[in-house]
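Protein chains in written order, with our numbering: chain R, -7 to 190; chain A, 17 to 109. Have a look at the structure below, then the notes.
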């Protein structure tokens, strides 16, 4: 059952298949929890939000018409619940804020690199350091401002397409890309600061 | 402040190039801009390395492994399902 697409599992679930429900829960739990954590102050609250989401999914299952993917539908329900439970929303940063990908001080007066990127990518391939790098990227993403964190998590960690992310978060393609760019740029910078060598 | 991204008449410089990285990776740069961007990369090892670092960053994010649902939590989910299922059976039709 693990390899069945979501839509098939949803059909089975409608027909009363408990294992289909368990498979869906296990498949989406980590991503749902990560997304919920971007809205609420603690993992415990995020877990409640995820549970609450599944209650909502079961109640609404008859009305799901398949216009969006199951995952998009699921995550939209999650965000609605998380917003109700969340307190962080007000802290979100406006998309329009200008924040360069790289500190302006690292460029000279002609906008060429004065302090070029330090090398670190080979560390990620090195078994000795790979775990450390993986650990740091996880925390770097957690430290991003909320909107950037949501987009980077959904796109780069959970592997959603930009269309899916826009549908889930209800943002435009252009905003999605700006947030993705800021978020990825910040995470890259963290890795460079931590592991870079000139 | 960022230098204005006016790319029509001039070559792309590094500080502009780093701001175009995501659009380039996403494949949404207009063709003419993409050509200028690639021309810049061809002559700039630092920006080429920066692009590689962005790609590595994305790749690393994708390797964060999802943790399985803890058994106790899974039991709670199953309880949610069984409550719902019992309600369904109790309803006529």
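Here a beta-carbon is modelled for each residue, glycine too, at the ideal position from N, C-alpha and C. Just so it is clear, the structure is predicted and the values come from calculations on it, not from any experiment.
Per-residue contacts from residue i into chain A (C-beta, under 9 Å)
i	result
residue 36 (chain R)	Simply none; closest approach about 11 Å.
residue 0 (chain R)	None at all; the shortest Cβ gap to chain A is about 17 Å.
residue 169 (chain R)	38, 39, 42 and 44
C-beta neighbour in chain A for residue i, strict 7 Å
i	result
residue 49 (chain R)	no
residue 46 (chain R)	yes
residue 172 (chain R)	yes
residue 110 (chain R)	no
residue 130 (chain R)	yes
residue 13 (chain R)	yes
residue 62 (chain R)	no
residue 93 (chain R)	yes
residue 85 (chain R)	At residue 85 (chain R), the pLDDT of 45 sits below 50, so the modelled position is not reliable; the number obtained from the coordinates is stated separately. No, residue 85 (chain R) lies away from the interface with chain A (no Cβ there is under 7 Å from its Cβ).
residue 10 (chain R)	yes
residue 72 (chain R)	no
residue 116 (chain R)	yes
residue 176 (chain R)	yes
residue 67 (chain R)	no
Buried or exposed (CB count within 10 angstroms, at least 16 for buried), residue i
i	result
residue 83 (chain R)	With a pLDDT of 44 at residue 83 (chain R), under the threshold of 50, the modelled position of that residue is not reliable, and no figure is offered here.
residue -7 (chain R)	exposed
residue 175 (chain R)	buried
residue 23 (chain R)	buried
residue 50 (chain R)	buried
residue 109 (chain R)	buried
residue 120 (chain R)	exposed
residue 78 (chain R)	buried
residue 77 (chain A)	buried
residue 58 (chain A)	exposed
residue 34 (chain A)	buried
residue 143 (chain R)	buried
residue 45 (chain R)	buried
residue -2 (chain R)	buried
residue 177 (chain R)	buried
residue 93 (chain R)	buried
residue 38 (chain A)	buried
residue 155 (chain R)	exposed
Neighbour list for residue i in chain R, Cβ cutoff strictly below 8 Å
i	result
residue 32 (chain A)	103
residue 57 (chain A)	None at all; the shortest Cβ gap to chain R is about 13 Å.
Chain R within 7 Å of residue i, Cβ atoms only
i	result
residue 28 (chain A)	no
Chain-ordered neighbours of residue i on chain A, where CB pairs are closer than 8 Å
i	result
residue 125 (chain R)	76
Within chain A, the residues that residue i reaches when beta carbons sit closer than 7 Å
i	result
residue 187 (chain R)	Per Cβ cutoff of 7 Å: no residues; residue 187 (chain R) is ~10 Å from chain A at best.
residue 113 (chain R)	68, 69 and 72
residue 183 (chain R)	73
residue 180 (chain R)	69, 70 and 73
residue 56 (chain R)	Ordered by position in chain A, no residue passes the 7 Å Cβ test against residue 56 (chain R), which lies about 14 Å from the chain.
Name, going along the chain, the residues of the segment 63 to 85 of chain A whose beta-carbon falls closer than 7 Å to a beta-carbon of chain R. 65, 66, 68, 69, 70, 72, 73, 74, 76, 77, 78, 79, 80, 82, 83, 84 and 85
Could you run through the segment 39 to 53 of chain A and flag, in chain order, every residue whose CB is less than 9 Å away from some CB of chain R? 39, 41, 42 and 44
Report the residue ranges of all alpha helix (DSSP H) runs contained in full by the segment 62 to 95 of chain A; include only those spanning at least 4 residues, in chain order. Entirely contained in the segment 62 to 95 of chain A, not one alpha helix (DSSP H) run reaches 4 residues.
What residue ranges within the segment 42 to 119 of chain R form continuous beta strand (DSSP E) runs of no fewer than 3 residues, ordered along the chain? none
What residues in the segment 18 to 42 of chain R bring their beta carbon closer than 8 Å to a beta carbon of chain A? 18, 21, 22, 23 and 39
Of the residues that make up the segment 147 to 162 of chain R, which ones have a beta carbon closer than 9 Å to any beta carbon in chain A? 147, 148, 149, 150, 151 and 154
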